[in-house]
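In the numbering used here, the protein residues as written are 341 to 1096. All residues carry an ideal CB built from backbone N, CA and C; glycine is no exception. Following: one structure in structure tokens, then a few remarks.
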């Protein structure tokens, strides 16, 4: 029972082992479902289950009937128009990253939005082109389309080359959508957990660097073919450097002006976002102005600038897929699928928490999979969600994906009717707009210093991800980054920070003995804590830490003792050893204990428990032995293992633990395990862990229970062996546990916060 006493509490209860606690408090028998039970439930059918499946696969059926038209429709209408205008410009700009004609970026901003409207679970994200995915698709296009014509581009019809690029981009997008759909159908949306925030941040920052390099050729207007990974970024820079003298000054000046204006206005939007009703749509303003100036001044003819050119009116027929491309871009498509989903899910999660509604990771995979399949089939390229575009949709009042549907209507109007108005727009302007949207990603460099202060491993993950992605390319860099991230997890669990614990404050609290002054350790008791799972990769390390903590190797001590017993029997038989009431008397000299002999002379016999049944006396191994026999002293009689932080263990770890614990028991050190999670004992019994030497009675509920049991069982004192408790107690004071569990000095009682 717990009795509150001010800001303290007093507990009175028996000392519990796992067995005694189980005897006194009966556990409820729980039936654990078998695999067949799960299959039966999964394939069962009922009207309610059918309804749940329908609303899960088509989330629109759950929110559209309850849509408050009067309250939300106007907000969604305004948000849809604003988002649609931004989507048009970003679609055109990001198409340059894919190396396809700009008009196909409008398809990527239209088809996926329609599909996500029916299948998506997020109300606020704006689905469409994303610069990181665009550059990833562009690398595949460069590898499979551009390089086919490298060196003879003058003899190749430019229209056929553009069609080939569109075909490659659409094919890899469709394959990425298939991967996403399969992952969602198999209910493994949890794959996102393997992409940490540090990894995503480092990856997107590196991708932003790739975007910057890829857009330089449009800003300088230089004919630069794509390069193969790895080291593609350095190859591109080298090609640009060779042709830098051929830069089109008009394009360069225009791009620089646009960049300065966009960066300045975006900084204003960020700094005064609390005061501005909506962000200033700077992309729209500069596009309208740049298009008007280019048309009025005839930049194309006067300065030979590259413009968007003819935008095909209307929608084109589905693309003809190339199976060779399917086979060549499997790895790239999978990377695109994972990155696209990771970015979209991260943004969707932010808005779901902010507005308190659930999102389904598996359904999001299905929604993006269908969006990419549909968009790729109709000549679009891979999509995710743009941070800036989603920000516009949310900040302008968007409540649901009706705003996204209206933005798709705006894109459709441009495709069908007014696209020709954008034909005079310079490609360098689109490149500048693409770079302007990277401000947030490029600012992520400041996270390095923040992560270094918070967590070194996360900082290393960020840096390695960034460098590997920049050097090796996006697809290979992502794979290498995930591998390194998993390696850091293995490293953390493989080398856990094991500690020795001691009592703090004369209560039931046990902490690292190195961190506190007011501590005491029961004489002859070591309390060892392992804060990690135990498995094949770290069990040897934990065993080494345990041996170092107790100060001796139990197996070595056991072998020494058995070796000494063998010599004692031999000496007794020959009359070379006599036993008095106080000690041994050896009548010979010159017998040395050789380590080589110890390690190689019938080692199996030396590993068995010491047997002194045939001797006329019992040997105290810590007392004086014959002068020629040396056995390491064992200064402890009890070892308490704190397993409260051990979440699981495997068979390999169990085997080594069993051997180690047996070695301790055989050198007269009792082993106790505390804090084991539910099911720990059941698994040990299934694995035949217990025998005559290791019994279930070694398990206790808490460290304090085990300590009290040891002190009563051994009838020994509890003294401050490492650090004094308080100055006035002196070094000669000893403490025992009386029958009611109170910490007591032999001469006076020490008040205890916790009583047992």
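- The Cβ atoms of residue 634 and residue 764 lie closer than 9 Å to each other.
- Here residue 599 has 772, 775 and 776 as same chain residues with Cβ atoms under 8 Å from its own Cβ, once five neighbours each way along the sequence are excluded.
- 448 is the residue among 1005, 956, 448 and 371 whose C-alpha sits nearest the C-alpha of residue 720.
- Here the alpha carbons of residue 557 and residue 499 stand approximately 20 Å from one another.
- Exclusion of the five residues before and after residue 877 leaves 830, 833 and 834 as the residues of its chain whose Cβ lies within less than 8 Å of its Cβ.
- Ranked by Cα distance from residue 709, the first of 673, 506 and 542 is 673.
- Between the C-alpha atoms of residue 581 and residue 501 there is a straight-line separation of about 25 Å.
- Just measuring C-alpha positions, the residue of 559, 540, 1035 and 527 sitting nearest residue 769 is 559.
- Remark: fewer than three beta-carbon pairs, one from each stretch, lie closer than 8 Å, so the region 896-914 and the region 841-861 are not flagged as touching.
- The secondary-structure analysis by DSSP pairs residue 1010 across a beta bridge with 978.
- In this structure the region 742-760 does not touch the region 574-588; the number of beta carbon pairs closer than 8 Å is below three.
- Under DSSP, the beta-bridge partners assigned to residue 851 are 842.
- Runs of alpha helix (DSSP H) with 4 or more residues, each lying fully within the region 418-463, are found at 443-448 and 451-459, listed in chain order.
- Considered as a whole, the region 362-427 harbours 375-382, 387-397 and 400-403 as its complete alpha helix (DSSP H) runs of no fewer than 4 residues, in chain order.
- Residue 834: member of the alpha helix (DSSP H) spanning 814-834, first to last residue.
- Where residue 869 is concerned, there is no enclosing alpha helix (DSSP H), although the beta strand (DSSP E) around it starts and stops at 865-869.
- Apart from the 5 residues on each side of it in sequence, residue 601 sits with its Cβ closer than 8 Å to the Cβ of 622 and 626 in its chain, given in chain order.
- Taking C-beta atoms under 8 Å as the contact rule, residue 452 and residue 715 qualify, at a distance of about 4 Å.
- With the rule of 3 Cβ pairs closer than 8 Å, the region 1027-1034 counts as touching the region 988-998.
- Listed in chain order, the alpha helix (DSSP H) runs fully inside the region 632-693 are 639-642 and 663-668, counting runs of at least 4 residues.
- Closest in C-alpha terms to residue 660, from the list 597, 1049 and 510, comes 510.
- In the three-state DSSP reduction, residue 860 falls in the strand class (E or B).
- Look at residue 360 here: in three-state DSSP terms it is helix.
- DSSP, reduced to helix, strand and coil, places residue 581 within a helical segment of the structure shown.
- Rounded to the nearest angstrom, the Cβ distance from residue 744 to residue 466 is 6 Å, consistent with a contact under 8 Å.
- Judged by beta-carbon spacing, residue 583 lies within the 9 Å limit of residue 562, meaning their Cβ atoms are closer than that value.
- Linking residue 387 to residue 407 through their CA atoms gives a straight-line distance of about 24 Å.
- Residue 945 and residue 543 have their C-alpha atoms some 58 Å from each other.
- Under the 8 Å Cβ criterion, the region 416-423 counts as touching the region 734-742, having at least three qualifying pairs.
- Residue 355: not part of any beta strand (DSSP E); DSSP gives it neither H nor E.
- According to the DSSP assignment, residue 348 belongs to no alpha helix (DSSP H) but to the beta strand (DSSP E) extending over 348-351.
- Burial check for residue 718: the Cβ neighbour count within 10 Å reaches 16 or more, so the residue is buried.
- Residue burial is scored here from C-beta neighbours: residue 963 has fewer than 16 other C-beta atoms within 10 angstroms and is therefore classed as exposed.
- With a threshold of 16 other beta carbon atoms within 10 Å, residue 670 falls short and is exposed.
- Between the C-alpha atoms of residue 985 and residue 779 there is a straight-line separation of about 43 Å.
- Annotation: the continuous alpha helix (DSSP H) that includes residue 545 extends over 537-560.
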